[in-house]
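Reading through the structure tokens given below for one structure.
In the working numbering, the protein residues as written are 1280 to 2016.
Dropping the structure here:
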């Protein structure tokens, strides 16, 4: 096939005699004119990004997935941050890295870029939405494009190339945390021509134009493909040889090149011309032979890039017999499995036909015939392709091979199975802001709220959030979570149940937000150690038994109620309350100063599809710092009044390790006691110990029937905590009921 192409190229650049000389010394013509290597081009790896100096920029035709060349970078940018420690309360510093860089995509103008993968992970959807924080600018490779502003700012406008005639993409501040703090290997779905399919002839013409060879005409029958990639360092003729060989085409032209595909024979040499116009000692048909044995091909297999499998490598084979030679053809083409199978079938048919070869000699006036042309001889209907032409003593000697007319047949091919990253839109982000008591693993002094962040769409990967303390005038980034928190809503109402032990009778069902979320049962010992901690409404519960009753829907039982001091929230549950699995590793902890107490805070999602998402508003109450409600509040009538006693609880003493007393966990011990008569609060008293003797006239003297006490432990930082309440009820005789 190289002889055909080189001979044809010799004619293209040297006229009729040039075609003969090109056939004889084709290697010299190829290297001198086109810079060829003399070896067949290799497919190479389209998915490995390069940053080596002197790497060729590929020529892309159609649509294909390919890695580009890293042509500029500003280096890594370090961003420092700090956060509170989760165990000991110490402040820790963490560092995030971003990079800005440019990637060369194609040595010609392209229509656009579709999906983008980084280390095999989809970071840009087919709709153009980025799933990773970055800004990308695409320069399509026109001759009028100007330098990218980022490169110009970094290098100076005088030193910033515009890369005219080359398509490239500039990434600004791509977050590198998910890629080992390095620039990832990027692959792009490059759409060069804006068409669903192209033919091989169009790819050949694009190659010639990039090489600077004017193209006059592309005609004939060329197979359709999705896309083509030419990125090796060999000359134009190397790539042309592999492409033209697929179609049995030819190259012709003097000032401009013509590419002709595998068209039917267009010229017949008359029988009398073959028999009577030559000297008597020269036969027109020297020999007729069939190539067999070692040279016979019994199977053709094509390696390609499967457009149905995200352009992963594929292989299709057409076989005539088992055990014979297999011809392997490696194509840098993207196509469907059916297209590759049909192409392999057509090439196998042609490989069988061209085993029959012959040689004819014609008068010198047939000098215009060239390698690659198809002809017929006399009345014979067989089509022959000229393999080579020699000029010997003013006689043209043509070496021919038979050509079978292959009727295009759709042959079904199977792509097989492969892992593909789903291309789903990210969708909006759902946020629940949780102002809760401390959960296991948090430092005692944490003044914080928790953000539960998730997305319903299958394409949602994660989101950052930003907070505003000035009624939305400005927002400050507050963190990011990937993967999301398990959240949902209740589909049944959680009934009232015991808060001092296992609630084995109550059942609640929840519907989770996404199909990616799952709940599982845990042993009771694991639950007692802190597993399966969740928020239902405003009550913190734990659950041991989980039953999956429908997609996304789970039934929870084996409950521990009123956890972490939320026993007062175990009342009045309803359907459609929020459900949040309290996993610190899947939530964002936001430190807030105590001077924001009572003020409104707004939080907005910063995900890729959250431009229209409404900010979440809440009033900060610092429940993580508030003392828990005292327990065992007792009211006893005594002479001259009422004696109130209680036991304190501690934010630092949930485990009650010594079984005697709980740590104070506050700067000092202080309580606030409010007293009400028949529901009217009449007095508030402050004490420093868990007891109060309330001296007052007997309530029944004034006709009162109920005496109420509300006791709260007081924090020096955030004020009174949760309340414990108790009543004394009297009958008309003044006796306690």
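Where a beta carbon is used, it is the ideal one built from N, C-alpha and C, also for glycine. It should be emphasised that the depicted structure is a prediction, and the values quoted were computed from it without experimental measurement.
For residue 1613, the enclosing beta strand (DSSP E) has its first and last residue at 1604-1614.
For residue 1674, the enclosing beta strand (DSSP E) has its first and last residue at 1674-1682. Distance from the CA of residue 1865 to the CA of residue 1733, rounded to the nearest whole angstrom, comes to 9 Å.
In terms of CA proximity to residue 1335, 1510 leads the group 1510, 1454 and 1736.
Residue 1802 holds the alpha-carbon nearest to the alpha-carbon of residue 1825 among 1846, 1802, 1817 and 1847. In the structure shown, residue 1503 adopts extended strand secondary structure according to DSSP, grouped into three states. A Cβ-Cβ contact shorter than 9 Å links residue 1448 with residue 1417. Beta-carbon to beta-carbon, residue 1883 and residue 1768 are separated by about 22 Å, too far to satisfy the 8 Å threshold. By the criterion of a C-beta distance shorter than 6 Å, residue 2005 is surrounded in its chain by 1912, 1914 and 1988, once the five residues flanking it on both sides are discounted. Beta-bridge partners of residue 1357 (DSSP): 1376.
Collapsing the DSSP output to three states places residue 1905 in coil.
Within its own chain, the residues whose Cβ lies closer than 8 Å to the Cβ of residue 2000, once the five positions on either side in sequence are excluded, are 1905, 1906, 1907, 1908, 1991, 1992, 1993 and 1994, listed in chain order.
When secondary structure is reduced to three states using DSSP, residue 1424 falls in the coil class, being assigned neither helix nor strand. Under the three-state reduction of DSSP output, residue 1328 falls in the coil class, being neither helix nor strand.
DSSP, read as helix, strand or coil, puts residue 1752 in coil. When the beta-carbon positions are compared, residue 1640 and residue 1677 come within less than 9 Å of each other. When only Cα atoms are considered, residue 1931 and residue 1740 end up about 36 Å apart. Looking at the DSSP output, residue 1351 sits in a beta bridge with 1381. By the Cβ-count criterion, residue 1660 is exposed, with fewer than 16 other Cβ atoms from all chains shown falling within 10 Å of its own Cβ. In the three-state reduction of the DSSP assignment, residue 1913 falls in the strand class, which pools E and B. DSSP lists 1731 as the beta-bridge partner residues of residue 1711. Residue 1710 places its beta carbon less than 9 Å from that of residue 1731. Within the model, the alpha-carbon separation for residue 1916 versus residue 1963 is close to 19 Å. Close CB contacts of residue 1345 within its chain, under the 7 Å cut and outside five residues either way in sequence, are with 1325, 1337, 1339, 1466, 1467, 1469 and 1508 (chain order). Annotated three-state conformation of residue 1998 is strand, per DSSP.
Secondary-structure assignment with DSSP links residue 1339 through a beta bridge to 1508. Within the same chain, and ignoring the five residues on either side of residue 1351 in sequence, the residues whose Cβ sits closer than 7 Å to its Cβ are 1380, 1381 and 1430. Within its own chain, the residues whose Cβ lies closer than 7 Å to the Cβ of residue 1461, once the five positions on either side in sequence are excluded, are 1455, listed in chain order.
C-alpha of residue 1861 to C-alpha of residue 1966: approximately 36 Å in a straight line. In the structure shown, residue 1459 falls within a coil segment according to DSSP collapsed to helix, strand and coil. Taking C-beta atoms as the reference points, residue 1341 and residue 1391 fail to come closer than 9 Å.
If you ignore the 5 residues before and after residue 1577, its C-beta comes within less than 8 Å of the C-beta of 1598, 1599, 1600, 1601, 1602, 1603, 1604 and 1605, all in its own chain and listed in chain order. DSSP, read as helix, strand or coil, puts residue 1854 in coil. For residue 1759, same chain residues with a beta-carbon under 6 Å away, outside a window of 5 residues either side, are 1743 in chain order. Secondary structure note for residue 1480: its alpha helix (DSSP H) is the uninterrupted segment 1479-1489. With respect to residue 1647, residue 1656 sits apart: the two C-beta atoms are not nearer than 9 Å.
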